[in-house]
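Chemist: Before we start, here is the structure in question, set down as structure tokens.
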Amino acid sequence: MLNVMFYLTTLATAEGISASPDVPEFCSAGVLLHASLPQGSILAPFLYLIYTHDIPTPKSDSLTVAQFADDIAVLSKGDTGEQVTTILQNFLQEIEIWNKKLRTVMNTNKSSTVTFTYLKKEKVFPLYLNCSPVPQHEEV
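Residue numbering for the sequence shown is -19 to -1, 1 to 121, as defined by mature numbering (1 follows the signal peptide of the UniProt record, and there is no 0).
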């Protein structure tokens, strides 16, 4: 039987673990992992809960966070686009700090911004995640 504490402190975060796909028909180079969480293992859901239990929570009534599995939606409301962007950007900075603590990074290419407004000429301000602009889309 696997010792969970040993797994969490040694195996799940071991430096220098090499990973490559275990599919004989496909050849792919292995990658060196600096932190890992094995997918598909019996412990994966439990470990996911441990890793994400302290995800930042909104400190503002104008900010809502919704999670489903490993997807996160952050919604903000305000009187101006600049106000909404400031609230969202501050929260994204909290997420970045949280990610650094876990030694993880959110993929900006898998992130998107969608602006909903009643005003046709409302200026859209860019959001940044890991110093990269989050892509703006018309729909999700």
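Even glycine gets a Cβ: it sits at the ideal position worked out from N, Cα and C.
Rounded to whole angstroms, what is the Cα-Cα separation between Leu56 and Ala47?
Modeler: Rounded to whole angstroms, Leu56 to Ala47 spans 8 angstroms at the Cα level.
Chemist: Do you know how far the Cα of Ser22 is from the Cα of Thr66?
Modeler: Approximately 39 angstroms between the Cα atoms of the pair.
Chemist: Using three-state DSSP, classify Pro39 as helix, strand or coil.
Modeler: The answer is coil: DSSP assigns Pro39 none of H, G, I, E or B.
Chemist: Apart from the five residues just before and just after Gly59, which ones in its own chain have a Cβ nearer than 8 angstroms to its Cβ?
Modeler: Cβ within range, chain order: Ser43, Val65 and Ile68.
Chemist: Distance, Cα to Cα, Leu24 vs Arg84?
Modeler: Going by the C-alpha atoms only, they are around 20 angstroms apart.
Chemist: Could you have a look at His118 and say whether DSSP puts it in helix, strand or coil?
Modeler: Correct three-state label for His118: strand.
Chemist: Please confirm whether Thr96 and Val105 have their CB atoms less than 8 angstroms apart.
Modeler: Yes, Cβ-Cβ distance for Thr96 and Val105 is below 8 angstroms.
Chemist: Following the continuous alpha helix (DSSP H) through Ile23, name the residue where it begins and the one where it ends.
Modeler: Run containing Ile23: none; DSSP gives neither H nor E here.
Chemist: Less than 8 angstroms between the beta carbons of Pro116 and Thr94, yes or no?
Modeler: Yes, they are a contact pair.
Chemist: On the DSSP letters alone, give me the boundaries of the alpha helix (DSSP H) that Thr96 sits inside.
Modeler: Counting along the chain, Thr96 falls outside any alpha helix (DSSP H), and DSSP gives it neither H nor E.
Chemist: Measuring only the C-alpha atoms, how far is Glu75 from Lys101?
Modeler: Their Cα atoms are separated by approximately 31 angstroms.
Chemist: Between which residues of its own chain and Lys82 is the CB-CB distance below 7 angstroms, once the five residues before and five after are set aside?
Modeler: Around Lys82: no qualifying Cβ.
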